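Report on the following structure.
Protein chains: 2
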Amino acid sequence: MEFRHLRYFITVVEQSTFTTAASILHISQPSLSTSIKNLEKELGLILIDRSTRESRITKEGKVLYLEAKKLINHYEHVVGEMKRLKQQGPSELSIGLIESSKFWVPKILANFKQEYKDVRIRLLEVLGLQEVERALNNFDTHLAITNQYIDNKEIETIPIYDEKLVALLPPMHPLKNKSYININDLEGEAFIVCKEGFQTREDILNAFRKSGIKPNVQFELERFETACSLVEDGLGITVVPENYVKYSKKSAFHIKQIHDSNISRTVYLAYDKNRYLPPLVLSFIALVKDFFDDKPDH
Amino acid sequence: MEFRHLRYFITVVEQSTFTTAASILHISQPSLSTSIKNLEKELGLILIDRSTRESRITKEGKVLYLEAKKLINHYEHVVGEMKRLKQQGPSELSIGLIESSKFWVPKILANFKQEYKDVRIRLLEVLGLQEVERALNNFDTHLAITNQYIDNKEIETIPIYDEKLVALLPPMHPLKNKSYININDLEGEAFIVCKEGFQTREDILNAFRKSGIKPNVQFELERFETACSLVEDGLGITVVPENYVKYSKKSAFHIKQIHDSNISRTVYLAYDKNRYLPPLVLSFIALVKDFFDDKPDH
DNA sequence: ATGTTTATATAGTTTTAGACTATAAATAGG
DNA sequence: CCTATTTATAGTCTAAAACTATATAAACAT
Chain A
360 MEFRHLRYFI TVVEQSTFTT AASILHISQP SLSTSIKNLE KELGLILIDR STRESRITKE
420 GKVLYLEAKK LINHYEHVVG EMKRLKQQGP SELSIGLIES SKFWVPKILA NFKQEYKDVR
480 IRLLEVLGLQ EVERALNNFD THLAITNQYI DNKEIETIPI YDEKLVALLP PMHPLKNKSY
540 ININDLEGEA FIVCKEGFQT REDILNAFRK SGIKPNVQFE LERFETACSL VEDGLGITVV
600 PENYVKYSKK SAFHIKQIHD SNISRTVYLA YDKNRYLPPL VLSFIALVKD FFDDKPDH
Chain B
360 MEFRHLRYFI TVVEQSTFTT AASILHISQP SLSTSIKNLE KELGLILIDR STRESRITKE
420 GKVLYLEAKK LINHYEHVVG EMKRLKQQGP SELSIGLIES SKFWVPKILA NFKQEYKDVR
480 IRLLEVLGLQ EVERALNNFD THLAITNQYI DNKEIETIPI YDEKLVALLP PMHPLKNKSY
540 ININDLEGEA FIVCKEGFQT REDILNAFRK SGIKPNVQFE LERFETACSL VEDGLGITVV
600 PENYVKYSKK SAFHIKQIHD SNISRTVYLA YDKNRYLPPL VLSFIALVKD FFDDKPDH
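Chains as they are written, first to last, in our numbering: chain A, 360 to 657; chain B, 360 to 657.
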């Protein structure tokens, strides 16, 4: 069984006919037929139920398909790494980020660049938990900074720091002069929150749930930036990670600490344990660990 | 670049000579030389510094070696999965069982066989929690009946019923005429319990622990059957799931209810969510659910 | 130095896996 | 019942990968 066979098999499954698969693969239909037949013979399993109308995958075929798909992703990743190496060009470090990590990641990258000058760095916005898992599994990113624990034995998830969530109040809000607020103060207020699937949404809604308060959600959106401008225009209150607003200067809104033990969350560094991590990736992980060992509270 | 080339390359690196690598791979040295040369040509990189004395890997070769090693591991995993699938045969249902489930599983299997006559059914004794997880992850079993909750995102654990644990007393025991006993009555008594790693052991020892009583463990063994015959011979007291003795006729021992809220446990049905579950497995799960929906208390 | 040993490279040949074309067989739909 | 569509089979060609024999290079011993 060579990679070619798996590639062919995957294409047949996805096209569900041999003829179209063959044309996509730029080989003749008989070649593809015999190739799949040989694969089945080698494995001793029937992978595809043939018919003249439309071929259907068997349950054994389904297992191979899912496994092979991942394996081919891995293969493509290795080929990509070698191509990059050949071009002598800069190697690459790609990191998936949550929005609130923007304040500290650049500081680490500054150090990192001193040691690895030619490395091109790709920063990707990651969304939900599934998205993080998919990105790591598919070799889209080497690392992810995430605020939900990933319960997957293939992925190592290291807690790096805890961060508070703070409320943002519009300029003229009645609570603007309090030095801090309680979560109960937010009851009934028009509330702005991330859309379904975004990681911060769950953290915030959980905190409300634990406190027995039902937020009056009026807006759902994708980015903190948008939420901030809605707050500035007096459309409601939102809750964001403290780190997101701590370092920003221009703020027409009021930042208020919330006195509630549920209003905090842990941020993790995650990576795929099974794949080869180049030295530059290990080096970046070490920098992150060092950074937060010195400053335990962030 | 096919799997073969990577395998060859890895062997050369690990042997650090072409000649020995070739003999390990059961090919001739010239074949191996040209194969590696072709790989280098395809990638456009020099992977190995040849010399007559001892070949050394280049910097680029090292990268490929580390990447390829991971990739080949992945490949071997997939091949292993397919071999296991083949050995399992196309229509087999394998279930991991705890001993106390023997009373009801056959009733369900009778129904199941009416619908799926040709399916071979394998019943496996499962042991500890790790054993269950491993068996489900490795395709050893489609399902497991277990009495511990499995906290693993990949595994779905459905509670199906609660069962009491009862004490078995020897024929001439002083407590034989009481209608029920308390857990304190068992203090100091010679006690028979499952060996380390068996699931029921933990349930029973936990119940004692919660009641602040230390059992005087005199025998550790693997099967309830053996425990029963030790009790019959007056060697001590044991505690077993009520369902294990409820339906057996010949009993030279006394079965006593224990009045203690800790002396019960939940039995679960567990399966791997990520794997493809054939229809016959889904059908079996449905039968189990139906069975216990009708009879909520077992 | 120079021959011996050891390892890799090259040349030429055979074998085999995978590609092709042409065509048969099967089946759904008009 | 014919037609269009799809997969399977047969026969052939090609290219990749195996082989054997031998050249070449370098290290080491005498």
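Glycine included, each C-beta is placed from N, C-alpha and C at the ideal position. Since the model is a prediction, treat every value here as computed from it, not as a measurement.
| query | result |
| --- | --- |
| Stretch pair the region 363–379 of chain B + the region 417–428 of chain B: three plus CB contacts closer than 8 Å | yes |
| Own chain residues within Cβ distance below 7 Å of Tyr-603(A), not counting five before or after | Glu-458, Ser-459, Phe-583 |
| Residue environment, Pro-465(A), which counts as buried when at least 16 other CB atoms sit within 10 Å | exposed |
| Within chain B, the residues that Asn-565(A) reaches when beta carbons sit closer than 8 Å | Residues of chain B passing the Cβ test: none, with the nearest at roughly 18 Å. |
| Cβ separation of Glu-492(B) and Ile-509(B), assumed to be a contact under 8 Å, to the nearest whole Å | 6 Å |
| Buried or exposed (CB count within 10 angstroms, at least 16 for buried), Arg-415(A) | exposed |
| Under 9 Å by beta carbon: chain A residues contacting Gly-420(B) | Correct list: empty, because the minimum Cβ distance to chain A is about 10 Å. |
| Within 7 Å, strictly: CB atoms of Glu-515(A) and Tyr-635(A) | no |
| Residues in the region 626–655 of chain A having any Cβ partner in chain B nearer than 8 Å | Asn-633, Arg-634, Tyr-635, Pro-637 |
| CB contact flag (Leu-524(A), Ile-622(A), <7 Å) | yes |
| Cα-Cα separation, Ser-642(A) to Phe-377(B) | 34 Å |
| Phe-471(A) at chain B interface by Cβ criterion, 7 Å | no |
| Endpoints, the alpha helix (DSSP H) within which Gln-374(A) is located | 362–374 |
| Cβ pair count under 8 Å reaching 3, the region 383–401 of chain B against the region 497–508 of chain A | no |
| Chain A contact for Val-437(B) (CB, 7 Å cutoff) | yes |
| Any C-beta of chain A under 7 Å from that of Val-372(B) | no |
| Nearest residue (CA-CA) to Asp-521(B), options Leu-589(B), Asp-562(B), Phe-550(B) | Asp-562(B) |
| Backbone CA spacing between Leu-646(B) and Leu-628(B) [nearest angstrom] | 12 Å |
| Cross-chain neighbours of Phe-498(A) in chain B, by beta carbon under 8 Å | Simply none; closest approach about 11 Å. |
| Where Ser-623(B) sits in the DSSP three-state scheme | strand |
| Val-598(B) versus Lys-461(B): straight-line alpha-carbon distance, rounded | 17 Å |
| CB contact flag (Leu-452(A), Val-478(A), <7 Å) | yes |
| Cutoff 7 Å; reference His-618(B); Cβ partners in own chain excluding five residues on either side | Tyr-539, Asn-541 |
| Beta-carbon spacing of Leu-534(A), Leu-527(A) below 7 Å | no |
| Pro-449(B) versus Ala-469(B): straight-line alpha-carbon distance, rounded | In this prediction, Pro-449(B) scores a pLDDT of 46, lower than 50, which makes its location untrustworthy; no coordinate-derived value is stated. |
| Minimum Cβ-Cβ distance from Leu-580(B) to chain A less than 7 Å | no |
| Beta-carbon proximity check, Val-576(B) vs Phe-550(B), cutoff 7 Å | yes |
| CB-CB length for Leu-639(B) against Tyr-475(B), believed under 8 Å | 5 Å |
| Contact check, Leu-444(B) vs Val-626(A), beta carbons under 7 Å | no |
| Unbroken beta strand (DSSP E) run spanning Gln-577(A), endpoints | 575–580 |
| Beta carbon proximity, Met-441(A) to chain B, threshold 7 Å | yes |
| Pick from Arg-560(A), Ser-620(A), Glu-555(A) that is closest to Lys-569(A), judged by C-alpha positions | Ser-620(A) |
| Residue-level contact to chain A via CB, Lys-501(B), 7 Å cutoff | Per the sequence presented here, residue 501(B) reads as His, with Lys not at that position. Answer no: the Cβ-Cβ gap between His-501(B) and chain A never drops below 7 Å. |
| Contact under 7 Å by Cβ, Phe-650(B) with Ile-467(B) | yes |
| Buried versus exposed call for Asp-408(B) [16 or more other C-beta atoms within 10 Å across all chains shown] | exposed |
| Residues bridged to His-613(B) [DSSP beta-bridge criterion] | Leu-528(B) |
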